[in-house]
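Before any comments, here is the structure.
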Amino acid sequence: MLRVVKTHFAPLAAASMPADTGKLKIEIELADIAAPFNGGIVNSSDAEVTRGGGASARIWEVCGHEELGRESERLAKSGLTPLDAGTAVFSDAGRGTGIGFEGVIHAHGPRWRSPYDKSGHTVSLHGEDELLARTWRSVLRVADRHEIHRLVTPAISSGIFGFPSPHGFEVAFR
Numbered sequence: 000m001l002r003v004v005k006t007h008f009a010p011l012a013a014a015s016m017p018a019d020t021g022k023l024k025i026e027i028e029l030a031d032i033a034a035p036f037n038g039g040i041v042n043s044s045d046a047e048v049t050r051g052g053g054a055s056a057r058i059w060e061v062c063g064h065e066e067l068g069r070e071s072e073r074l075a076k077s078g079l080t081p082l083d084a085g086t087a088v089f090s091d092a093g094r095g096t097g098i099g100f101e102g103v104i105h106a107h108g109p110r111w112r113s114p115y116d117k118s119g120h121t122v123s124l125h126g127e128d129e130l131l132a133r134t135w136r137s138v139l140r141v142a143d144r145h146e147i148h149r150l151v152t153p154a155i156s157s158g159i160f161g162f163p164s165p166h167g168f169e170v171a172f173r
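The opening position of the sequence shown corresponds to residue 0 in numbering that gives the first Met the number 0, with each subsequent residue numbered one higher.
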């Protein structure tokens, strides 16, 4: 089920959610990624799980640079990073737990390298579609493993990694 939410913060929209049906519910809204939220937060990350720009910078700001920096070091020492494109890893949310975050799932999506065809449509020539789909599946597996039932997430790979947003949405929903 897909519903575009016109409210501004997920907790308000979630308050009116129907009873659990066992089906995946996806809501899209334009909001501050780091607004208070009860659930996990997904960070569109680089391979080393370091602070990035855009949504990643905002997540690090709210969860704490020092706290997520320590988590990044822990992941590296545990051999869980660097991440391959298409993978995700869990970390503590640092100060983000104070606003409801159950943890941060750092997802390393693909960089878009393919051209557009003459009609302006996207053409995945280097496997970017499958890597992005693998990234989303990895995020969901990590969430399941940590019993996180609600996620707030950016459009993975659509920022500086250059994945065309509309095409990325299609891949995510497939």
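C-beta: ideal position from N, C-alpha, C; glycine also. Note that this is a predicted model, so its numbers are computed, not measured.
To the nearest angstrom, report how far apart residue i and residue j are at their CA atoms.
i: Ser44; j: Lys24; result: 24 Å
i: Lys76; j: Ser55; result: 22 Å
i: Glu26; j: Ala34; result: 15 Å
i: Glu66; j: Phe36; result: 19 Å
i: Gly95; j: Gly51; result: 17 Å
When you compare the CB of residue i with every CB in chain B, is at least one pair closer than 8 Å?
i: Val170; result: No chain B appears in the structure shown, which is made up of a single protein chain.
For residue i, I'd like the list of residues in its chain whose CB is within less than 8 Å of its CB, leaving aside the five on either flank, ordered along the chain.
i: Arg140; result: Ala87
Please state whether DSSP places residue i in a helix, a strand or coil.
i: Leu130; result: helix
i: Gly95; result: helix
i: Ser90; result: strand
i: Ser55; result: helix
i: Ala106; result: strand
i: Leu169; result: For clarity, residue 169 is Glu in the given sequence; the question names Leu instead. Helix, per DSSP.
i: Glu101; result: strand
Flag this pair as yes or no: are the beta carbons of residue i and residue j separated by less than 8 Å?
i: Ala106; j: Ser137; result: yes
i: Gly38; j: Leu150; result: yes
i: Gly108; j: Thr134; result: yes
i: Ile104; j: Ala142; result: yes
Closer than 7 Å by C-beta to residue i: which residues in its own chain qualify, once you throw out the five before and the five after it? Chain order, please.
i: Ile147; result: Gly38, Gly39, Glu101, Gly102
i: Thr49; result: Ser71
i: Leu74; result: Val48, Thr80, Val88, Ser90
Beta-carbon within less than 6 Å of residue i's beta-carbon, same chain only, minus the 5 sequence neighbours each way: which residues are those?
i: Ser164; result: Ala154, Ser157
i: Ala171; result: Trp135
Residue i: beta carbon under 7 Å from a heavy atom of the ligand ADP?
i: Arg140; result: Although the ligand ADP was asked about, the structure shown includes no ligands whatsoever.
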